[in-house]
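Student: If you scroll down you'll find the structure; I have some questions about it.
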C-alpha cells in the first residue's frame, strides 16, 4: 500500500510539472530567415505572442518522435499566421515553423529559455 501511495504522489508531481512547463515566458528566434514584419516571438501561457501585440492560441498535444518517445507539440492558427512547434530534439527546445498565410512565407524557429531577443 505504501508503494502505491508513493507512486501516486510521484505521478501527481510529474503531471503538475508537465502542466507548468510553459507557465513562464519562452523566447523564440528565427533559425535562418525571418517572416517580414515579425520582430519578436514569445510563448507565454500556451499562446504565441508576435511583436508583443498579436496573440495566437496554441493547442498542446503529444506526438510520437521516434527515438525520443512521445513529446509535446504546440500548434495554432490565427491572425493570418500558422504555428507548429515540437520538442522532438536532443536539447530541451521547441522547434518548428511559423507560416504567414497572407504572404505565403514560412520560416523555421527555435524556442527555448536561452534564446536571445
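Residue numbers (my numbering): 66 to 182.
Using N, Cα and C, we set each Cβ at its ideal position, and we do this for glycine too.
Using beta-carbon positions only, say whether residue 163 and residue 148 come within less than 8 Å of one another.
Tutor: By one-based count along the chain shown, residue 163 stands at place 98. By one-based count along the chain shown, residue 148 stands at place 83. Closer than 8 Å, so yes.
Student: Kindly indicate which residue of 128, 169, 109 has the alpha-carbon position closest to the one of residue 93.
Tutor: Taking the first residue of the chain shown as position 1, residue 93 is located at position 28. Considering only alpha carbons, the answer is 109.
Student: Using CA coordinates, which residue listed in 154, 177, 160, 145 is at the minimum distance from residue 169?
Tutor: In the chain shown, counting from the first residue as 1, residue 169 sits at position 104. Ranking the options by Cα distance to residue 169, first place goes to 145.
Student: Please list, in chain order, all residues of the same chain as residue 119 whose beta carbon is under 6 Å from its beta carbon, the five residues on each side excluded.
Tutor: As a working mapping, residue 119 is identified with position 54 in the chain shown. Excluding positions up to five away in sequence, the list reads 144.
Student: Starting from the Cα of residue 102, find the closest Cα among 115, 123, 90 and give me that residue.
Tutor: As a working note, residue 102 is residue 37 in the chain shown. Taking only the C-alpha atoms, the option nearest residue 102 is 115.
Student: May I have the straight-line CA-CA distance separating residue 97 from residue 107, to the nearest angstrom?
Tutor: By 1-based counting over the chain shown, the position of residue 97 is 32. By 1-based counting over the chain shown, the position of residue 107 is 42. If you take the alpha carbons of residue 97 and residue 107, they lie about 17 Å apart.
Student: Alpha carbon to alpha carbon, how far is residue 84 from residue 127?
Tutor: Locating residue 84 in the chain shown gives position 19, counting from the first residue. Locating residue 127 in the chain shown gives position 62, counting from the first residue. With a pLDDT of 49 at residue 84, under the threshold of 50, the modelled position of that residue is not reliable, and the figure given next carries that caveat. Whole-angstrom Cα-Cα distance: 13 Å.
Student: Taking all protein chains shown into account, decide if residue 159 is buried (16 or more other Cβ within 10 angstroms of its Cβ) or exposed.
Tutor: What you label residue 159 is simply residue 94 of the chain shown in a count that begins at 1. So residue 159 ends up on the buried side.
Student: For residue 69, does the count of other Cβ atoms within 10 angstroms reach 16, so buried, or fall short, so exposed?
Tutor: Position 4 of the chain shown, counting from 1, holds the residue named residue 69. Exposed, by the Cβ-count rule.
Student: Please report the distance separating the alpha-carbon of residue 156 from that of residue 134.
Tutor: Within the chain shown, residue 156 is the residue found at index 91, counting from 1. Within the chain shown, residue 134 is the residue found at index 69, counting from 1. Answer to the nearest angstrom: the Cα atoms are 14 Å apart.
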